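Chains as they are written, first to last, in our numbering: chain A, 7 to 187; chain B, 17 to 539; chain C, 2 to 734; chain D, 227 to 323.
Glycine included, C-beta positions come from ideal geometry on N, C-alpha and C.
If you're wondering where the values come from, they're calculated on a predicted model, not measured in any experiment.
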Amino acid sequence: MNNEFYPLFFSFHFYLFGLIALASALLFVTRKSPVAAALWLVNVMFCLAALYVMLDAQFIGAIQVLVYAGAIMVVFLFVVMLLNLGRPEDVSDIRGQFPRLAAGAVGLALLAEVMVLARAKFPAQIESAIPSGDLSRGEPGGIIGPVAELLLKDYVLAFELSSMLLLTAIVGAVVIGRKRS
Amino acid sequence: MTAFLESISYNGWILPALLGLPLLGAAVLLLRGRAATADAQMASDRRFALWVFLAEAGLSLGLWWSVNVEVPLWQADFELPWIPSWGVSFHLGLDGIALMLVLLTTLLMPLAVLGGWTSIREKTASYYALLLILTTGMLGVFMALDLVLFYVMWEVMLIPMYLIIGVWGGQRRLYASLKFFLYTMLGSLLMLVAIIWLGTAAGTEGVPNFGYDAVLNYTRLSDAHGSVWLFAAFAVAFAVKVPMFPFHTWLPDAHVEAPTAGSVILAAIMLKMGTFGFIRFALPFFPAAAMLPAVRTVMLSLAVIGIVYGALVALVQPDFKKLVAYSSVSHLGFVMLGIFALTTESLQGALVVTIAHGISTGALFLLIGMIYERRHTRLVDDFGGIAKVMPVFSVFLTIVALSSIGVPGTNGFVGEFLVLIGSFQTQPFYAVIAATSVIIAAAYLLWAVQRIIYNPLVKPENERLRGHDLNWREIGLLTPLVVAILWIGVYPKPLLQKTERAAAKLIQYVEDVRTSDRIGRIR
Amino acid sequence: MLTQTDAPMTGHPLADTVARFAWLLPVLPLLGFLFNGFLSLRAAAHPGPADPTAASHDHGEHGDHGDHGAHDAHGHDDAHHAARHPSAGLVSLIGPGVLLLSFGLALAVFVAMRAAHIEEAYVLTLFQWMPTGKLSIDVALQLDQLSMVMTLIITGIGSLIHIFSVGYMQDDPGYPRYFAYLNLFVFFMLLLVLGANYPLMFVGWEGVGLCSYLLIGFWFHEKANADAGKKAFIVNRIGDFGFLVAMFLMFANFGTLSFAGVEEAAGGLMVGSLIATAICLFLFLGAAGKSAQLPLYIWLPDAMAGPTPVSALIHAATMVTAGVYLVARSATLFAVAPTAQLTVALVGALTAVFAATIGLKQWDIKKVLAYSTVSQLGYMFVGVGVGAYTAGVFHLMTHAFFKALLFLGSGSVIYAMHKAYHETHNHEDAQDMRNMGGLRRHMPITFGLMWIATLAIAGIPVFSGFFSKDEILTAVFARTHGSTLAEASLFGIPGTALLYAIYALGLAAALMTAIYMTRMMLYTFHGPNRTGEAERPHLKEAPWVMTGPLVVLGVLSLVGGWMNLPLITGGAIGPVELLHHWLEPVVGTGANIVTLGETPHLSHATEYTLIGTAVFIAVAGIAFALWRLKPAALVAAKDAPAEQGIAKVLHDKWYVDEAYDAAVVQPTLGVSRTVLWKGIDAGLIDGLLVNGSALLTRAFGWMGSQAQTGRVGTYAWVIVLGAVAVLGAFSFL
Amino acid sequence: MVAESLALSAALFTIGVIGVLTRRNAIILFMCVELMLNAVNLSFVALSTLYGAAGQVFVLFVITVAAAEAAVGLAIVIAIFRHRQSVNLDDINLLKG
């Protein structure tokens with residue numbers, strides 16, 4: 007029961023990117039070589055970025071592309087290349103038949119439970135919830151206003167703490183990664 | 017004598033002094049400087065410790081005259097508030113029964129130290145310090161008139177013995193000491209719960225009161241005197257210590273592995289904690305529960321099983337120390353029979369057996385220690401024909417063994433005879449079964465003594481003992497014990513008179529509660 | 002503490018006589034024991050070095066640094082080559098001296114007592130022993146006719162045996178120790194007979210058991226002797242258990258343990274009362290243990306392992322008669338329990354016959370005498386069992402005389418054999434009759450005296466045995482009708498029938514006694530000598546210090562009978578029934594109850610026939626033995642053929658020891674080792690509960706540790722499964 | 227729209243879980259964790275359309291944490307690789323119970 011004001015464009019694109027994300031995630035999990043897997047994961051991230059934008063979270067979409075896909079995945083690729091783990095010929099590290107089946111079953115069970123819970127918790131709003139769709143939000147500060155306002159007013163402590171976290175992570179990574187003399 | 021004691025208000029300070037002196041001695045012993053050589057260190061440590069114990073014994077002798085057993089009040093009373101908010105006071109006092117046990121402890125400790133004179137060679141300072149702390153613990157248990165103080169002293173007594181067995185013991189000492197500790201600890205935890213329950217119940221508007229008399233009044237007035245669970249809590253803790261039949265397996269191991277002095281103290285004094293506990297706490301607090309037919313049958317049958325079982329198993333022990341340990345189970349079974357038969361004769365008999373067993377088994381362990389020092393073995397079959405090479409040892413062993421068997425004219429007989437004739441009046445069935453142990457006791461001890469001192473002298477190791485009979489120290493150590501054995505055997509009257517009042521009071525109290533209960537039920 | 006508390010008996014006629022010093026009677030031997038014991042220990046004791054652990058370090062290079070002292074005896078009965086104990090002279094003065102003093106004092110008290118004609122006992126209270134609650138036991142001595150007779154026997158025969166021992170044990174290195182134990186024994190025995198209440202008697206009772214343990218195992222280096230001592234003590238202890246339970250019953254029912262109190266309480270009971278029967282049966286169990294009656298006699302033959310004078314004193318004259326004294330002392334109690342009396346008499350008779358059968362086929366001279374003692378004790382119990390307490394005590398006295406003579410005679414024979422074997426260093430058994438034979442030529446005095454004793458024990462008229470044994474048999478016969486025993490019944494069999502059976506058993510025992518005693522005399526003294534050529538010249542009479550007491554005992558065995566001539570003789574030979582009148586005040590009440598008040602009288606005809614049969618039996622026995630046994634055919638022990646058939650069974654004492662061992666000893670040891678110790682103690686309580694719970698906690702700990710595999714994968718799984726579970730739970734909420 | 231994104235988020239999360247459980251290579255494991263984080267971010271964003279921008283702030287924090295975690299994680303993997311020449315997780319089990 008789509009609302010007639012909701013342009014076909016949105017729903018088509020949403021499903022498109024959704025399916026691409028899903029497919030690439032599946033491919034990501036099944037690739038033997040870490041490099042291929044990493045690239046497919048980057049692809050998932052891009053699709054997600056697109057979905058964020060469609061869900062009125064444009065800033066997050068940008069950050070996703072910039073930080074997540076751009077920085078973290080690059081580090082991953084960098085490490086993979088550094089340790090030249092990319093060679094696909096070594097024995098596949100996918101576990102045997104039984105663990106995979108078990109993992110699949112457990113995954114499905116998990117999926118079912120989450121779906122049931124999600125359905126139970128937000129039955130009403132989910133159906134009717136339709137993003138406003140106009141990109142230029144009328145509020146002051148544009149699309150990033152509300153996020154920035156919250157971030158620097160209510161969650162300023164968490165903001166500072168996360169900076170401390172990043173600092174320690176950097177120092178930690180350097181110390182651990184250093185070659186012992 | 018009593019005039020002199022009044023002049024120095026002996027009763028006022030004697031009990032805390034008896035507790036404090038050993039602690040002081042232990043502290044000095046530990047903080048003293050090290051001597052040049054290990055031997056010099058050993059010699060000075062043991063001499064110092066002996067002097068402290070002799071002082072303690074000398075000090076305590078005054079109690080015999082100062083404690084007036086005719087008056088129903090606690091004697092040599094000493095009270096200090098300790099933890100007022102909890103209603104716990106440092107309250108010490110003696111009655112006839114506690115007096116006997118305190119004197120047994122203080123007089124036996126110097127002999128135990130002399131017994132282990134040459135067998136303890138390393139870490140002697142801490143060894144003697146532990147012995148001193150142990151004395152405080154034991155004396156504290158006998159003197160405590162406050163339940164929490166009693167429990168604290170009960171635990172204080174446990175740790176030094178655990179260390180003594182654990183550090184200076186035989187091969188399987190760790191297993192034995194751990195088993196001993198856990199056994200007693202488990203038992204006493206139940207007791208702690210009961211004590212706390214009683215203390216809070218006996219308190220007034222919120223502030224608990226752990227004083228002995230307060231709790232006694234509380235149990236008498238409320239129906240707590242009939243609660244079987246509280247009685248069971250106390251009974252299990254004391255049964256483990258006595259040891260009564262199913263809880264006795266720690267005793268043989270602890271005895272076999274303990275050093276001589278440890279063994280003597282364990283057998284002569286620590287086992288009496290259990291029976292003292294029954295007489296001082298379990299029976300007066302819960303007379304109706306103790307007198308329930310079911311409870312009484314359980315206690316009596318366990319006691320009698322303990323007697324016969326202990327004697328039978330002692331018959332087949334290869335290790336002489338284990339044999340004596342099982343004989344202790346049997347003797348203390350007599351004490352329990354005496355207590356639960358609840359006639360004046362049987363209760364007084366139980367007290368005489370307690371004292372007699374302390375002396376006889378203490379002397380037996382000293383003798384085993386002496387022969388162990390010379391031959392380094394306790395297996396009865398390793399010996400044979402010792403009488404030819406060590407006549408003095410054989411004479412002492414025969415006399416002490418006879419007293420342990422209970423031949424008339426020695427202390428063993430007086431105790432057992434009174435217990436049996438007393439318990440026969442109310443429990444003829446149990447008394448007759450217990451009396452059969454008289455035969456088994458003669459069998460196992462005489463058989464062991466025969467295999468040690470009589471029989472042909474064939475083994476070369478025994479032949480080498482020729483020049484190594486008991487030395488003057490050991491003879492001096494054993495003579496007072498043998499004199500005590502014969503003295504109590506021939507003239508036990510003073511001992512009986514000292515404990516008569518306390519015993520009669522207990523029986524009177526239990527009978528009153530039982531009759532008032534019955535009347536209550538009838539109405 | 003030995004203060005003379007104001008004895009309630011101040012008014013007693015004996016109070017101001019020499020009886021006041023009666024407490025010296027037991028104390029003198031005690032002093033003897035202390036003195037001799039000190040002498041023995043002083044010589045043997047050499048206190049070791051201050052540091053005892055040195056013994057294990059220096060391995061024996063100075064092991065026996067020539068200690069000159071008396072290292073104790075070695076070698077069974079052949080100890081004479083060892084050095085004589087340094088202080089032997091002093092000991093031989095103190096030991097017997099103390100006994101003679103005691104005997105003198107006893108005679109003085111006896112004279113005082115005869116003069117005073119006392120009716121009730123003189124109780125001398127020394128001090129309070131066990132004052133608790135209702136029970137109050139005092140250490141008190143009771144002097145009355147019965148305890149006087151026993152004291153005279155003990156001190157009299159005791160002194161004779163002490164003098165004999167001076168000669169017999171003179172070369173034994175353990176000489177002072179021997180006399181110390183012997184004196185201690187006499188102390189306890191006097192305590193037993195002089196005690197005024199049952200617990201004090203019990204002190205003496207176990208004390209003598211202790212001394213017999215020490216004396217039987219005197220040469221303890223031989224395992225057999227030590228075992229015999231232990232066996233004696235433990236079997237006695239079984240008897241003591243019975244005595245203890247009897248005392249508990251008395252206290253529970255009568256509230257008192259003194260003889261006077263119990264006597265008075267027993268008087269009040271009606272005949273056949275259950276309590277009295279129970280008490281008497283337990284008392285008899287005690288007596289059986291001590292006086293070696295049927296179920297518990299096994300220790301007496303083994304007790305021969307001790308020195309011969311010990312066997313004479315303890316296992317013939319004094320200790321074993323304690324049981325008879327106990328029954329006589331509780332005369333009234335037994336009188337009101339006819340079933341108990343019938344049991345006592347029956348067991349006595351059975352023991353008499355049973356022991357006599359074994360006695361027929363024993364080769365060791367002391368074993369023959371031991372079984373004869375058991376048999377004669379059976380006789381005494383028949384006497385006191387049927388209520389004829391005087392007859393029982395009379396036989397006790399005469400038996401003490403001739404049995405002590407027989408034992409000491411065999412002692413001097415063994416002494417002579419030892420001397421002979423010692424000269425030739427021959428290790429033959431000096432006690433085996435097959436090695437003896439024809440000794441009458443070498444030892445005429447012992448030979449003559451032994452014959453007197455044999456004729457006495459066989460019951461030939463004129464000798465003491467005849468009077469006492471005959472009196473018992475007539476008493477049994479007289480009580481078959483008109484006595485409480487006749488009416489009572491045991492296991493359904495009426496009293497009268499039982500009494501006839503007992504009489505018959507008595508006759509059979511008398512017959513066999515005559516046979517085996519004559520057999521012993523024949524094999525020892527008559528026929529050719531089998532000791533061997535080399536030893537024969539050394540066989541000679543024992544020194545006078547040993548044969549002296551024999552002569553005295555010989556006279557007593559002859560004269561003993563006159564002390565209690567039967568009524569039938571009507572004063573023809575001498576004063577009639579002296580002992581009967583003497584013991585009247587003590588056992589009179591008990592005896593009257595049994596005979597329903599009037600004295601049992603048999604018509605002269607029956608009495609003469611009874612005496613006739615008894616004499617005929619004795620003579621027949623001796624004649625049969627003389628006719629059947631041929632000492633000449635005997636061969637020395639070492640090459641004697643093994644026994645067969647019934648002879649073997651008798652020689653091996655009906656395999657009773659083996660039966661006891663198999664039925665009682667081994668099962669108890671087996672059960673207590675496997676079931677009680679290994680099974681319950683080590684297995685159930687220790688294994689299952691204590692160590693078991695320790696194992697359980699360790700097992701739980703191990704299971705917990707298995708989850709920590711260290712592989713990250715496992716942890717991931719655990720997290721996911723946890724998440725699934727939690728979400729699942731939520732989905733159901 | 228929100229329902230579909232939640233469904234997608236759940237699917238992606240499940241795929242991430244399956245990846246974690248089936249792969250042995252440490253780095254791929256990290257990537258799967260990253261995927262799971264992204265899935266969660268998606269649901270955050272989806273729901274922020276209903277409950278205000280707090281969701282998006284939170285996504286920001288998730289991203290920073292993911293970054294920190296990736297950095298440290300990879301440093302550890304490198305250290306292990308230098309020591310063990312392998313990142314196969316099953317070989318690394320020193321912390322065994």
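Any chain D beta carbon closer than 9 Å to A:G110: As a position in the first sequence, residue 110 of chain A is number 104, starting the count at 1. Interface residue, yes.
Amino acids of chain C, ordered along the chain, whose beta-carbon sits closer than 7 Å to that of A:V180: For the purposes of this step, residue 180 of chain A is taken as the residue at position 174 of the first sequence. Here the premise fails: no neighbours, minimum Cβ distance about 24 Å.
C:A122 and C:D145 closer than 9 Å at C-beta: Position 121 of the third sequence, counted from the first residue, corresponds to residue 122 of chain C. Position 144 of the third sequence, counted from the first residue, corresponds to residue 145 of chain C. Yes, the pair counts as a contact, with Cβ atoms nearer than the cut-off.
CA-to-CA distance, B:V183 to B:Y388, given in whole angstroms: Locating residue 388 of chain B in the second sequence gives position 372, where the first residue counts as 1. Locating residue 183 of chain B in the second sequence gives position 167, where the first residue counts as 1. Approximately 18 Å, taken between the alpha carbons.
B:F166 versus B:D239 - alpha carbon distance: Against the second sequence, residue 166 of chain B aligns to sequence position 150. Against the second sequence, residue 239 of chain B aligns to sequence position 223. Using only the alpha carbons, I get a separation of about 24 Å.
For C:A730, the nearest candidate out of A:A115, A:I149, A:E155 and A:A56 (CA to CA): For the purposes of this step, residue 730 of chain C is taken as the residue at position 729 of the third sequence. Of A:A115, A:I149, A:E155 and A:A56, the residue nearest in Cα terms is A:A115.
Cβ neighbours of C:M522 in the same chain (closer than 6 Å, five flanking residues each side left out): Reading the third sequence from its first residue, position 521 is the one you call residue 522 of chain C. Result list for C:M522: T455, in chain order.
Inter-residue Cα distance where the pair is C:L566 and C:A457: In the third sequence, counting from the first residue as 1, residue 566 of chain C sits at position 565. In the third sequence, counting from the first residue as 1, residue 457 of chain C sits at position 456. If I take the Cα positions, the gap works out to 15 Å.
Three-state class that DSSP yields for C:W220 in the structure shown: Numbered from its first residue, the third sequence carries residue 220 of chain C at position 219. If DSSP states are grouped into helix, strand and coil, C:W220 belongs with coil.
C-alpha gap between D:V266 and D:R250, whole angstroms: Counting from 1 along the fourth sequence, the entry for residue 266 of chain D is found at position 40. Counting from 1 along the fourth sequence, the entry for residue 250 of chain D is found at position 24. The straight-line gap from Cα to Cα measures roughly 23 Å.
Within chain C, the residues that A:A77 reaches when beta carbons sit closer than 7 Å: Mapped onto the first sequence, residue 77 of chain A falls at position 71. Here the premise fails: no neighbours, minimum Cβ distance about 25 Å.
Cα-Cα separation, D:A305 to A:N90: What you label residue 305 of chain D is simply residue 79 of the fourth sequence in a count that begins at 1. What you label residue 90 of chain A is simply residue 84 of the first sequence in a count that begins at 1. Near 15 Å, if we compare the C-alpha coordinates of A:N90 and D:A305.
Residues, ordered as in the chain, of the region 445 to 472 of chain B that lie near chain C by beta-carbon distance below 7 Å: A447, V448, A451, T452, V454, I455, A458, A459, L462, W463, Q466, Y470, N471 and P472
Short CB-CB distance (under 9 Å) between A:V120 and chain C: The sequence position of residue 120 of chain A within the first sequence is 114, counting from 1. Yes, A:V120 counts as interfacial toward chain C.
Residues of the region 295 to 309 of chain D whose Cβ lies closer than 8 Å to any Cβ of chain A, in chain order: E295, A296, A297, V298, L300, A301, I302, V303, I304, A305, F307 and R308
Cβ neighbour criterion (16 or more within 10 Å) applied to D:V243: Here residue 243 of chain D is taken as the residue at index 17 of the fourth sequence, counted from 1. By the neighbour-count rule (16 or more Cβ atoms within 10 Å), D:V243 is buried.
C-beta atoms of C:V209 and C:F285 nearer than 9 Å: Here residue 209 of chain C refers to the residue found at position 208 when the third sequence is read from its first residue. Here residue 285 of chain C refers to the residue found at position 284 when the third sequence is read from its first residue. Inclusion of C:V209 and C:F285 in the CB contact set at 9 Å is not warranted, their separation being larger than that value.
Cβ of C:A724 within 9 Å of any chain A Cβ: Here residue 724 of chain C refers to the residue found at position 723 of the third sequence. Chain A contact via Cβ: present.
Buried versus exposed, by CB contacts within 10 Å (16 or more), B:L150: Reading the second sequence from its first residue, position 134 is the one you call residue 150 of chain B. By the Cβ neighbour-count rule, B:L150 is buried, with 16 or more other Cβ atoms within 10 Å of its own.
Ranges of the alpha helix (DSSP H) found wholly within the region 571 to 647 of chain C, counting only runs of at least 4: 579 to 595 and 605 to 629
At least three beta-carbon pairs within less than 8 Å, the region 238 to 257 of chain C to the region 84 to 104 of chain C: no
Chain A contact residues for C:V721, given Cβ-Cβ distances below 9 Å: In the third sequence, residue 721 of chain C corresponds to position 720, counting from 1. Contact of C:V721 with chain A by beta-carbon distance below 9 Å involves A109, V112, G113 and L116.
Same chain, Cβ closer than 8 Å to B:L383, five either side skipped, listed in chain order: In the second sequence, counting from the first residue as 1, residue 383 of chain B sits at position 367. For B:L383, same chain residues with a beta-carbon under 8 Å away, outside a window of 5 residues either side, are F409, F412, L413, V416 and L494 in chain order.
Short Cβ contact (9 Å threshold) for C:A44 with C:P177: By one-based count along the third sequence, residue 44 of chain C stands at place 43. By one-based count along the third sequence, residue 177 of chain C stands at place 176. Yes.
Own chain residues within Cβ distance below 6 Å of C:I359, not counting five before or after: Position 358 of the third sequence, counted from the start, is the residue given in the question as residue 359 of chain C. So the qualifying residues of the chain are Y372, L651 and K654.
Meets three-Cβ-pair contact criterion under 8 Å: the region 461 to 471 of chain B and the region 8 to 28 of chain C: no
Simplified DSSP assignment, three categories, for C:A109: Taking the first residue of the third sequence as position 1, residue 109 of chain C is located at position 108. Helix, per DSSP.
The region 349 to 360 of chain B contacting the region 244 to 252 of chain B, beta-carbon criterion three pairs below 8 Å: no
Exposed unless 16 or more other CB atoms sit within 10 angstroms - verdict on D:N314: On the fourth sequence, residue 314 of chain D is found 88 positions in, with the first residue counted as 1. When all chains shown are included, D:N314 counts as exposed.
Members of the region 36 to 56 of chain C near chain B, C-beta cut-off 9 Å: G38, S41, L42, A45, A46, H47, P48, G49, P50, A51, D52, P53, T54, A55 and A56
Chain A within 9 Å of C:G714, Cβ atoms only: On the third sequence, residue 714 of chain C is found 713 positions in, with the first residue counted as 1. C:G714 counts as touching chain A.
contact_flag[the region 587 to 595 of chain C, the region 474 to 488 of chain C] where n(CB pairs < 8 Å) is 3 or more: Taking a cut-off of 8 Å for Cβ pairs, the region 587 to 595 of chain C and the region 474 to 488 of chain C touch, as three or more such pairs fall below it.
Neighbour-count burial assignment, C:T133, 16 or more Cβ in a 10 Å radius: On the third sequence, residue 133 of chain C is found 132 positions in, with the first residue counted as 1. The residue in question, C:T133, is buried, as its Cβ has 16 or more Cβ neighbours within 10 Å.
C:W678 - DSSP class collapsed to helix/strand/coil: Taking the first residue of the third sequence as 1, we reach residue 678 of chain C at position 677. Reduced to three states, the DSSP call for C:W678 is helix.
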